[in-house]
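Here the structure is laid out as structure tokens; the discussion comes afterwards.
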Amino acid sequence: MTVRVPAKVNLQLAVGPLRDDGYHDLVNVFHAVSLFDEVTAEPAGAPAVTVEAAPDAQVAIEGVPVDGDNLAVRAARLVADRLGVEPDVALRIRKAIPVAGGMAGGSADAAAALVACARLWDDPEAPRLSLDDLMKLGGELGSDVPFALLGGTAVGVGRGEQLSPVEARGTFHWVFATADGGLSTPAVYGECDRIRAERGEQVPWPQASPGLMAALAAGDAAALGAHLDNDLQAAAVRLRPSLSRTLDAGRGLGAVGALVSGSGPTCAFLAADAGHAADLAASLGGAGVAKQVVRAHGPVPGAIVV
Ligand code: ATP
């Protein structure tokens, strides 16, 4: 059972005040893009997991755990638990999504494992786990997991896990600049809190941007580019100053929008159309400001069996 699952870029990430439970209230506009991990699940005598980089994807897989800490393994255990079976499955993860890159690769693998293991163990005649059930299980694993099941474009509130699909017209063309080494998501949120404390800022309640929603509904790349916004960007750039050079290079080469993806360090550039994305990718590749330059389009569906 092989499941293909997309990466995400956050079109808007509005980070609200720090809550008592240590999380922030968010408005998180997720957008699934055509950069895919694949998770294969096979019946086995005991739980096992292997991780490899997809051919052509220069993904540094050293940071990915190959034990029970792997999010895909935790997902398999949750499904086994719910269905009352042994979690005896061999998972093979083929990664094209950068690790700790702000594109939710681990969450994507967890979503893929939820779908693959449910297919493997659930009763096909009378399934006990619906997509809704899998989304709830996903929410227990991480805030970004439910969106990797859903795909498309969606707005998440709460920790980002309470999702509503967003109307988006047409296809948007992206260029992603990956970086050497990841950024830890908790460290980036911590830095964001520190910057706000230094500035003595009153943190407003997060709101979805009406301009962004209108641009999505109209399929207007230039308007979308103008409304891309990530409250974590300043923190990611402070932790990794070289990102400002990468963002400036993309803007200088004519991207209609540029931002750090999620908690970074991957940078996302929106192009006007497919031809512009090809040109932008070639120029950005030549500028020497990224580990790898990858093109993708969105929105694409969430985790699907292939
Ligand atoms: P997000 O955008 O959701 O903040 P990210 O893209 O920055 O996430 P991930 O690639 O999801 O980061 O990985 C974060 C950490 O999670 C990794 O450094 C690794 O230790 C751990 N991890 C656990 N399972 C996986 C997995 N299947 N793939 C990648 N990382 C995993």
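Number 482 in the numbering used here belongs to position 241 of the sequence shown; there are no gaps in the numbering. Every residue, glycine too, gets a C-beta built ideally from N, C-alpha and C. Predicted, not measured: the structure shown is a model, and the values here were computed from it.
Point to revise | Buried or exposed by the 16-neighbour rule on C-beta atoms within 10 Å, applied to residue 291 | key: exposed
Check your understanding: Is the stretch 260–269 close to the stretch 324–337, with three or more CB pairs under 8 Å?
Key -> no
Review point. So residue 351 and residue 503 are in contact, right, with Cβ under 8 Å, and what is the actual spacing, rounded?
Key: Their Cβ separation, rounded to whole angstroms, is 16 Å, which puts residue 351 and residue 503 out of contact at 8 Å.
Check your understanding: Mind checking if residue 411 is an interface residue toward chain B, Cβ cutoff 9 Å exclusive?
Key -> This model lacks chain B altogether, as it is built from one protein chain only.
Review point. DSSP on residue 327, reduced to helix/strand/coil?
Key: coil
Check your understanding: With C-beta atoms as the reference, is residue 466 less than 9 Å away from residue 499?
Key -> yes
Review point. For the stretch 353–361 against the stretch 311–324, are there 3 or more C-beta pairs whose distance is under 8 Å?
Key: yes
Exercise for review: State the Cα-Cα distance for the pair residue 362 and residue 308, rounded to the nearest angstrom.
Suggested key: 21 Å
Review point. Between residue 281 and the ligand ATP, is the CB less than 8 Å from at least one heavy atom?
Key: no
Review point. Does the beta carbon of residue 249 fall short of 8 Å from some heavy atom of the ligand ATP?
Key: yes
**Study point:** Where residue 415 falls, given that 16 or more other Cβ within 10 Å makes a residue buried
**Key:** buried
Check your understanding: With respect to 8 Å, is the separation between the Cβ of residue 311 and the closest non-hydrogen atom of the ligand ATP below this value?
Key -> yes
Review point. Any contact of the stretch 413–429 with the stretch 472–482, i.e. 3+ C-beta pairs under 8 Å?
Key: yes
Review point. By a C-beta neighbour count over all protein chains shown, 10 Å radius and 16 as the cutoff for buried, is residue 327 buried or exposed?
Key: exposed
Exercise for review: Check whether the Cβ atoms of residue 299 and residue 419 sit closer than 9 Å, and answer yes or no.
Suggested key: yes
Exercise for review: Under 7 Å Cβ to Cβ from residue 372, same chain only, skipping five residues before and after it: list those, please.
Suggested key: 390
Review point. Grouping DSSP H, G and I as helix and E and B as strand, with all else coil, what is residue 387?
Key: helix
Check your understanding: Around the Cβ of residue 278, are there at least 16 other Cβ atoms within 10 angstroms (buried) or fewer (exposed)?
Key -> buried
Check your understanding: Hey, is the stretch 335–342 in contact with the stretch 387–401, meaning 3+ C-beta pairs nearer than 8 Å?
Key -> no
Practice item. Kindly examine the ligand ATP and report whether one of its heavy atoms sits closer than 8 Å to the Cβ of residue 484. Key: no
Point to revise | Endpoints, beta strand (DSSP E) assigned at residue 266 | key: 265–284
Exercise for review: Could you say which of 536, 524 and 401 lies nearest to residue 493 if we only look at CA atoms?
Suggested key: 524
**Study point:** Residue range of the beta strand (DSSP E) that includes residue 291
**Key:** 289–294
Check your understanding: Which residue from 250, 403 and 243 puts its Cα closest to that of residue 536?
Key -> 250
Check your understanding: In terms of residues, what are the limits of the alpha helix (DSSP H) holding residue 378?
Key -> 372–382
Exercise for review: Rank 287, 460 and 446 by C-alpha distance to the C-alpha of residue 452 and give the top, closest one.
Suggested key: 460
Review point. Which same chain residues, not among the five before or five after residue 463, have their C-beta less than 6 Å away from its C-beta?
Key: 497
Practice item. Report all residues from its chain with a CB closer than 7 Å to the CB of residue 520; omit the five preceding and five following residues, and keep chain order. Key: none
Check your understanding: For residue 295, which residues from the same chain have a beta carbon less than 7 Å from its beta carbon, with the 5 sequence-adjacent residues on both sides left out?
Key -> 335, 336 and 337
Point to revise | Three-state secondary structure assigned by DSSP to residue 524 | key: helix
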